[in-house]
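Trainee:
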Amino acid sequence: MKILFLSDGLSPFVLGGMQQHSAMLVKHLAPLVDQITLVHCGPINSTPPEDKAVLELLGNPLNVEIIGIPFNDKSILPGHYVRSSKGYSNDIFEAIKHKLSTFDVIYAQGFTGYAFVGKHKNLIVNLHGLEMFQKSFSFTENLKKIILRPLALHVLKGANIVVSLGGRLTDILLQLGIPPNKVLISPNGIDAKIIKTAHQYSETKSGPVKYIFIGRNEKRKGYSVLTNAISIIEKRIHLTIIGDFPKIESDRHTLNFTGLLTSKDEIYGLIDKADILISTSLSEGMPTVILEAMARGKAIIATDVGAVSTLVNEANGWLIEPNNLDDLIRNLNNVQRSSLVNRNHVSLEKANSFTWDKISVELLASFIQRQT
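If you count the sequence shown from 1, you need to add 102 to reach my numbering.
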């Protein structure tokens with residue numbers, strides 16, 4: 103099988119969950135197929151990383167062709183990202199159109215599939231979190247989402263197959279009128295190497311429950327909900343916060359702000375010291391950080407958005423309503439160390455179902471099945 107894989111960048115060259123998903127999926131699909139032609143870009147208005155660096159990131163596969171195309175966006179006028187996304191997709195199409203018929207499948211991340219609608223019989227698109235169709239919590243956020251919706255609908259309805267990460271995201275696609283037989287559920291994943299084995303993991307901790315919060319300083323991550331809860335709750339909270347978030351002061355709580363960390367080993371080390379990951383996102387796809395915390399044997403407190411409910415339930419954590427301060431405080435107050443042992447083990451067990459090895463095999467099987 104020959105796959106044309108369209109990305110809007112690869113992590114760590116471009117930061118983001120979709121970019122990490124692209125890098126890991128290509129890396130794990132490559133040994134399973136005849137050839138992958140990978141299109142990527144660098145950060146906005148930058149030269150794409152060199153082919154050698156990209157191939158090293160992927161483990162130097164011999165069957166992956168690299169095509170780097172800049173993503174240019176030099177405007178600040180409303181709708182500039184939509185126009186730039188269309189331009190990037192058009193540039194990709196112009197670079198690849200002469201051999202489009204040689205590919206069995208086109209897998210397009212985000213809006214990269216825009217120019218390929220109607221041009222190939224097996225166009226598969228993945229808009230990940232579908233944030234433009236999720237609930238908004240401010241006027242500005244809602245306006246940005248309204249601007250993105252026409253492009254998103256063009257890509258979704260023009261594709262032959264639409265990938266859902268699962269959970270509420272599948273519901274959104276069906277509500278948009280995407281036929282059920284066009285929806286392919288394929289979750290986010292993690293590297294099997296980061297999952298702790300039963301031998302490595304032991305629940306011997308004592309003392310106060312320790313929490314960890316990880317993310318980028320974006321409104322949709324719900325950091326303000328967390329800080330509001332911290333300012334109100336009387337129970338003493340021990341919390342480590344990783345990311346570029348503004349610091350808050352507290353005489354009552356023990357707060358450790360690390361700033362932005364790029365070393366995965368350092369992040370995993372801090373997760374290992376914690377007991378519970380908190381995710382207060384207002385909208386999400388399927389957060390990698392939740393999968394990573396599960397892989398380290400941690401219970402999860404998370405908002406029920408996107409595909410989170412496929413990862414978290416009462417067996418391994420607590421699902422809360424997004425932007426609901428009272429719900430977050432109530433669950434924090436109810437947490438007891440004695441309730442963590444079973445939840446931690448369930449997280450560890452569930453993480454084994456979301457490895458990239460398994461996901462890539464299942465995805466390829468779906469490609470093949472839908473071609474026959």
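All residues carry an ideal CB built from backbone N, CA and C; glycine is no exception.
To which residues of the same chain is Arg-439 closer than 6 Å at the C-beta, ignoring the five residues directly before and after it?
Mentor: Within the same chain, Arg-439 has close Cβ partners Val-311.
Trainee: Leaving out five residues before and five after Ile-431 in sequence, what residues of the same chain have Cβ atoms less than 8 Å from its Cβ?
Mentor: These residues qualify, in order along the chain: Ala-331, Ile-334, Ile-335.
Trainee: Mapping the DSSP letters down to three states, classify His-355 as helix, strand or coil.
Mentor: Reduced to three states, the DSSP call for His-355 is coil.
Trainee: Out of Gly-111, Met-126, Ser-113, Pro-114, which one is the CA nearest neighbour of Thr-457?
Mentor: Measuring from the Cα of Thr-457, the nearest candidate turns out to be Met-126.
Trainee: According to the Cβ coordinates, are Leu-413 and Ile-380 closer than 8 Å?
Mentor: No, the Cβ-Cβ distance between Leu-413 and Ile-380 is not below 8 Å.
Trainee: Excluding the five sequence neighbours on either side, which residues of its own chain have a C-beta within less than 7 Å of the C-beta of Leu-232, listed in chain order?
Mentor: Correct list, in chain order: Leu-271, Ile-274.
Trainee: His-200: which of Lys-221, Ser-186, Tyr-209, Arg-185 sits nearest, CA to CA?
Mentor: Out of Lys-221, Ser-186, Tyr-209, Arg-185, Lys-221 has the C-alpha closest to the C-alpha of His-200.
Trainee: Provide the residue(s) that pair with Glu-167 in DSSP beta bridges, ordered along the chain.
Mentor: Answer is Thr-139, bridged to Glu-167.
Trainee: With a CB to CB cut of under 8 Å and the five nearest residues on each side skipped, what residues in its chain are close to Thr-204?
Mentor: Excluding positions up to five away in sequence, the list reads Lys-104.
Trainee: For Gly-119 and Lys-337, I'd like the C-alpha separation in whole angstroms.
Mentor: Going by the C-alpha atoms only, they are around 33 Å apart.
Trainee: I'd like the span of the alpha helix (DSSP H) that includes Gly-260, first residue to last.
Mentor: Counting along the chain, the alpha helix (DSSP H) containing Gly-260 begins and ends at 241 to 260.
Trainee: Just grab the DSSP bridge partners of Phe-235 for me.
Mentor: Its beta-bridge partners do not exist; DSSP assigns none.
Trainee: What are the start and end residues of each continuous alpha helix (DSSP H) run of 4 or more residues lying completely inside the stretch 290 to 343, in chain order?
Mentor: Whole alpha helix (DSSP H) segments, 4+ residues: 325 to 334.
Trainee: Cβ of Gly-268 within 8 Å of Cβ of Met-388?
Mentor: The answer is yes: Cβ separation under 8 Å.
Trainee: Between which two residues does the alpha helix (DSSP H) containing Ser-462 stretch?
Mentor: It spans 458 to 473 - the alpha helix (DSSP H) in which Ser-462 sits, taken as one unbroken run.
Trainee: Starting from Lys-104, follow its DSSP beta bridges and name the residues at the other end.
Mentor: DSSP, once it has assigned bridges, lists Gln-137 as partnering Lys-104.
Trainee: Please report the straight-line C-alpha distance between Ile-378 and Asn-319, rounded to a whole angstrom.
Mentor: Near 20 Å, if we compare the C-alpha coordinates of Asn-319 and Ile-378.
Trainee: Excluding sequence positions up to five away, which residues of its chain have a Cβ less than 8 Å from the Cβ of Val-135?
Mentor: Cβ neighbours of Val-135 beyond the five flanking positions: Met-103, Lys-104, Ile-105, Asn-165, Leu-466.
Trainee: Can you say whether Ala-409 is buried or exposed, counting buried as having 16 or more other CB atoms within 10 angstroms of its CB?
Mentor: Burial call: buried.
Trainee: Have a look at Glu-386 and Glu-416 and give me their C-alpha separation to the nearest angstrom.
Mentor: Going from the Cα of Glu-386 to the Cα of Glu-416 covers about 20 Å.
Trainee: Give the range of the beta strand (DSSP E) segment to which Asn-228 is assigned.
Mentor: First-last of the beta strand (DSSP E) with Asn-228: 225 to 228.
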